[in-house]
Amino acid sequence: MRTATINNNFKSEEYFINMGPQHPATHGVLRLLLTIDGEVIKKVDPDLGYIHRSIEKMCESDSYQQIVHLTDRMDYLSAHINNEAVCLTVENALELEVPERVKVIRTIMDELTRLSSHCLWWGVMGMDVGALSSYFYGFRDREMINDIFEETCGARLTMNYNIPGGLRQDIHPNFVKRVKEFLAHFKTKLPEYDRLLTGNVIFQKRTKGVGVLSKEDAISFGASGPVGRASGYSCDVRKHHPYSALDRVEFEEALHTDGDSYARYLVRIQEMWESISIIEQLIDNIPEGDHQVATNAVIKLPKGEYYQKVETARGELGVYIVSTGTKNPYRVKFRSPGLSNLSLLNHITVGGKIGDLVATMATIDIVVPDIDR
Amino acid sequence: MEIFLSINDWFVGLIPAQITGLTKMVLIALAYLTLFAVLGLYLVLLERKVAAWFQLRIGPNRVGFKGLLQTMADALKLLSKELTGTVKADKFLYNLAPYFVIITSLMALGIFPFTQNLQAYDINIGLFFLIGISSIGVIGILLGGWSSNNKYSLIGAMRSGVQTISYELSIGLSLLTMVLITGSLQLSEIIEVQKNGWLIIQGHIPAVIAFMIYMIAGTAETNRAPFDMVEAESELGAGFHTEYSGMKFAYFFLAEFINMFIIAAIATTVFFGGWLSPFGITESLPWLGVFWFLLKTFILVFLMMWFRWTFPRLRVDQLLTLEWKYLLPINLGNLVIMALIVWLGLTLQF
């Protein structure tokens, strides 16, 4: 009798809280509607659309060269890889064979982009679990990559270096030297990352067993990239459907089976090592030759449907173009990795604490413009 | 010391006898307020500089010589800012909360012996007073979070309540362990005892354990990383002071830094001999005691800043697990060991 009264008096009540669109943990304008009981999360409902720019619709009135520029603005941390996805689709449709030099440079730039994206992710990951200093270490190394980009492409974030048929201009004379300098520097700094965060007891407590995603769920939610691979789902497009120069390099697909935040963290750290190895294999033998092949000033794709997928830093990006034979595409659809990776957030965070949600979001590594487009 | 006594006599002669005590009180209070402001502002600057060193940055270096006036400028900005608040806030409690926090830290600052005889008030239950006063401070945080009418503030305040209640125990017990050696709670007495060797040396192993527990609990008590659940910015925005602006926010902010100083100052007094010099020349030069006291305290403050800029944050349930499952049992065992050591006369004395 007595216990019943006490239970009645202390009945807990679920409440609702708005996380975002302006919130430090949501990395941009993502809004999460949380239903919470005390500290325990009952439901996470992502509300999208705050940065929707209708890129897919805009593509329908742009020429194929112009579409490339728009893809920079989706997942801005993988700008180069997004550009390449569109260029590859157009080149495949035109049955255009690009020079070997272009393929190798594209792959090197891809992996540099991946490194720069993962550096930023690592810094922000530390910040999300409360270790503010890691942010600056991540950015220190990312700056060096951005400097290389700036020299060669003239831009640091939205590079626009790829065009259908090749590269906008040839690489800067310093490119090879500076990439080697960066790799030598970064190989000494990456173990530092491990010392600061990976081995830290608090960090492991915060991430191990948090946000566990099983392999079956990873496949059914369409997870890709490090999120999928941390659950044991072998989904690296670079491995399974190699494009550009990826068929001539040796690298291992980072796979873990735990599926928790810590596994996702380890996958990305391992990917950084793999990217370094890929660049090292290619940087010394960039073939001589042209940096582009001539295309018509107005590109018209033959009538039909074209699809090409690439592996961005976040996962699988698919470009689907329907052409009716005119200079504009009839329909463009981007299959962005962020959206499917975000869709499993509710599934893996329910039952955890607010702190777990933040740690999980950090390891899913969402970029909101990629989700909204 | 003679010259100060004669200044005192001359000063007392100037004013009517009835208000001598009152005048002294006001003057001492003013002196402490100045100390409080200067200490608070320069601790903030120190933290920013230390953070910069840890983060490959330079830190503030524009305002004044090498950025020395940066926090002064920040304080002026905060002073001139409009005070905004939520419409549905409980106005009375909302306005009251910052004062709870700032007054308690000011009161705690008042009883530290900066050197021989340089102490505003030498209470015979000094340590007890410090622990008690620091418990009142949390009421301010709870009130601020509750009355702001903001869910983030409320979560932050509740976390703070849980955290402080838990870690008070560890602070109290680890200090109690040391009181077993001194036999007194009075701060001047505690330092007197340490003329035979700092307590951390006198109490050797259990004292070192007590010190480590004290530093962990002290960091948690001041709500600093890795225990900054209260204002975990990646989770709660700004936590309990989300809705505060201008000077009211500055009160919370300054109090946090003063509290850090207080935690370090208690550790200095109880474990590291307070104003006593490590070389034993303090007796001839008592004013050097201020230097030694501040040096030791700032080394401990630096230690706490080091924690903050290195460690990730714990989750709220892990924080409580750490206290109730690890620190508290260790602390209780440690207390018994210390009692045995004191009883058997195994303390190290020089």
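Those protein sequences? They're chains A and B, same order as listed.
For the first sequence, my numbering assigns the number 276 to the initial residue and increments by one for each residue that follows.
For the second sequence, my numbering assigns the number 30 to the initial residue and increments by one for each residue that follows.
For glycine and all other residues, C-beta sits at the position ideal for the given N, C-alpha and C.
From what residue to what residue does the beta strand (DSSP E) around residue i run?
i: R306 (chain A); result: 306-312
i: Q47 (chain B); result: Where Q47 (chain B) is concerned, there is no enclosing beta strand (DSSP E), given that its DSSP letter is neither H nor E.
i: N662 (chain A); result: Beyond the ends of chain A as shown, which are 276 and 648, falls residue 662 (chain A); an answer cannot be given.
i: Y582 (chain A); result: 579-586
i: D559 (chain A); result: From DSSP, D559 (chain A) is part of no beta strand (DSSP E); its letter is neither H nor E.
i: K317 (chain A); result: 315-322
Please classify residue i: is it buried, with 16 or more other beta-carbons within 10 angstroms of its beta-carbon, or exposed?
i: L62 (chain B); result: exposed
i: R277 (chain A); result: Since pLDDT at R277 (chain A) reaches only 47, below the 50 mark, its modelled position is unreliable, and the value read off the structure follows with that caveat. Per the 10 Å Cβ criterion, exposed.
i: N560 (chain A); result: exposed
i: P577 (chain A); result: exposed
i: K378 (chain A); result: buried
i: L305 (chain A); result: buried
i: F240 (chain B); result: buried
i: I48 (chain B); result: exposed
i: D647 (chain A); result: buried
i: E563 (chain A); result: exposed
i: Q583 (chain A); result: buried
i: L309 (chain A); result: buried
i: A279 (chain A); result: Bear in mind that a pLDDT of 48 at A279 (chain A), under 50, signals an unreliable position, so the model cannot answer this.
i: A459 (chain A); result: exposed
i: V243 (chain A); result: No answer is possible for residue 243 (chain A): the residues shown for chain A start at 276 and end at 648.
i: T482 (chain A); result: buried
i: I32 (chain B); result: exposed
i: W175 (chain B); result: buried
i: P612 (chain A); result: buried
i: Q99 (chain B); result: buried
Which residue's Cα is closest to the Cα of residue i: the options?
i: G96 (chain B); options: B:G174, B:Y243, B:V73; result: B:V73
i: P604 (chain A); options: A:K317, A:D320, A:E418, A:I342; result: A:I342
i: V642 (chain A); options: A:T310, A:R348, A:H344, A:K483; result: A:R348
i: L387 (chain A); options: A:G324, A:G440, A:R453; result: A:R453
i: R589 (chain A); options: A:A505, A:A572, A:G626; result: A:A505
i: L356 (chain B); options: B:Y243, B:I132, B:G69, B:M101; result: B:Y243
i: E366 (chain A); options: A:H355, A:S552, A:E426, A:A569; result: A:A569
i: L381 (chain A); options: A:V502, A:A354, A:L530; result: Before going on, a small fix: residue 381 (chain A) reads as Arg here, not Leu. The shortest C-alpha separation from R381 (chain A) is found at A:A354.
i: R91 (chain B); options: B:L156, B:T376, B:M101, B:Y181; result: B:M101
i: P299 (chain A); options: B:E260, B:I291, B:F308, B:L105; result: B:E260
i: E491 (chain A); options: A:L309, A:H622, A:D645; result: A:H622
i: R543 (chain A); options: A:G627, A:R376, A:E372, A:C394; result: A:C394
i: K462 (chain A); options: A:W548, A:E289, A:T635; result: A:W548
i: D445 (chain A); options: A:F457, A:T427, A:D403; result: A:T427
i: V585 (chain A); options: A:G303, A:N358, A:F291, A:E331; result: A:N358
i: F457 (chain A); options: A:I558, A:D645, A:F478, A:N293; result: A:I558
i: F609 (chain A); options: A:T587, A:I629, A:D640; result: A:T587
For residue i, report the span of its alpha helix (DSSP H) as first-last.
i: Y412 (chain A); result: 408-428
i: E467 (chain A); result: 450-468
i: I629 (chain A); result: 629-639
i: F286 (chain B); result: 275-300
i: E250 (chain B); result: 233-250
i: E491 (chain A); result: 490-495
Since residue i meets chain C, which of its residues come closer than 8 Å, beta carbon to beta carbon?
i: G266 (chain B); result: Considering every chain present, this structure includes no chain C. Its protein chains are A and B.
Does the ligand SAH have a heavy atom nearer than 8 Å to the CB of residue i?
i: A58 (chain B); result: With respect to the ligand SAH, the structure shown offers nothing to examine, as it has no ligands at all.
Report yes or no: do the stretch 35-43 of chain B and the stretch 331-348 of chain A share at least 3 C-beta pairs separated by less than 8 Å? no
To test your reading of the DSSP string, which unbroken alpha helix (DSSP H) runs of 4 or more residues are found completely within the stretch 332-394 of chain A? Counting whole runs of 4 or more residues, the stretch 332-394 of chain A contains the alpha helix (DSSP H) stretches 339-347, 354-369.
Within the stretch 177-228 of chain B, ranges of the alpha helix (DSSP H) (whole runs, at least 4 residues): Runs of the alpha helix (DSSP H) inside the stretch 177-228 of chain B: 180-211, 216-222.
Identify every run of the beta strand (DSSP E) within the stretch 505-529 of chain A, keeping only runs that are complete inside it and at least 3 residues long; order them along the chain. none
For the structure I just gave you, are there three or more beta carbon pairs, one from the stretch 390-400 of chain A and one from the stretch 602-619 of chain A, closer than 8 Å? no
Is the stretch 410-429 of chain A touching the stretch 306-318 of chain A, taking contact as three or more C-beta pairs under 8 Å? no
Entirely enclosed alpha helix (DSSP H) segments - the stretch 335-361 of chain B, minimum 4 residues: 345-350
Is the stretch 359-379 of chain A touching the stretch 437-445 of chain A, taking contact as three or more C-beta pairs under 8 Å? The stretch 359-379 of chain A is in contact with the stretch 437-445 of chain A.
Inspect the CB distances between the stretch 74-88 of chain B and the stretch 324-343 of chain B and report whether three or more fall short of 8 Å. yes
Counting pairs of Cβ atoms below 8 Å between the stretch 513-521 of chain A and the stretch 592-603 of chain A, do you hit three or more? Touching, no, given that fewer than three Cβ pairs across the two stretches are closer than 8 Å.
Entirely enclosed alpha helix (DSSP H) segments - the stretch 67-119 of chain B, minimum 4 residues: 99-109
Does the stretch 300-307 of chain B come close enough to the stretch 222-230 of chain B to have 3 or more Cβ pairs within less than 8 Å? yes
Spell out a yes or no on whether the stretch 185-197 of chain B and the stretch 268-279 of chain B are touching, meaning 3 or more CB-CB pairs, one atom from each, closer than 8 Å. yes
Decide if the stretch 473-487 of chain A is in contact with the stretch 622-638 of chain A; the criterion is three or more beta carbon pairs, one per stretch, under 8 Å apart. yes
Sufficient close CB pairs (3 or more, under 8 Å) joining the stretch 119-134 of chain B to the stretch 160-178 of chain B: yes
3-residue-minimum beta strand (DSSP E) runs that sit fully inside the stretch 595-623 of chain A, ordered along the chain: 606-610
Between the stretch 102-111 of chain B and the stretch 366-373 of chain B, are three or more C-beta pairs nearer than 8 Å? no
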